[in-house]
Amino acid sequence: MAVSLGVLGAAVAPAARADATDDKFIQLLISDGITHESVPAAIAAARKVCEYLAQGMTPNEVVIDVMNSSSLPDYDAGYFVGAAIRAYCPQYKPPPEPAPPPPAA
């Protein structure tokens with residue numbers, strides 16, 4: 754189940770035909786300094802992240818898969834998966850951490 758990200762490498766501008774969700778995803782990558790050679794390949798890989806999550810993989814398992822199938826280091830692979838979730842499948846976004854209890858009086 755490898756997410757093919759081998760094309761990530763040199764930065765290019767987002768494709769003119771990309772939709773708003775695609776643009777959001779590419780901008781998330783750019784904002785974190787993650788570069789890519791092919792906008793369509795990065796978008797396809799992000800959509801594949803959502804497919805894997807829908808099949809029951811955990812986000813951590815998908816991050817490991819991205820690391821194993823690309824040249825992305827662990828932080829960037831995690832960011833890539835997070836950006837894919839944020840843009841394409843927010844239903845897999847983890848719930849926020851609960852607020853800490855107030856200090857005892």
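FYI, this note's numbering numbers position 96 of the sequence shown as 849, with every residue one higher than the one before it.
All C-beta atoms in this analysis are idealised placements derived from N, C-alpha and C, irrespective of residue type, glycine included.
query	result
Buried versus exposed call for Lys846 [16 or more other C-beta atoms within 10 Å across all chains shown]	exposed
Unbroken alpha helix (DSSP H) run spanning Asp829, endpoints	827-841
Nearest candidate by alpha-carbon position, reference Thr774, set Cys842, Ser791, Tyr832	Cys842
Endpoints, the alpha helix (DSSP H) within which Tyr805 is located	792-807
8 Å Cβ cutoff met for His789 and Ala797	no
Selection from Pro849, Ile838, Glu850 that minimises the alpha carbon distance to Cys803	Ile838
Spatial distance of Ala836 from Pro854 (CA atoms)	30 Å
Pro826 versus Ala852 - alpha carbon distance	31 Å
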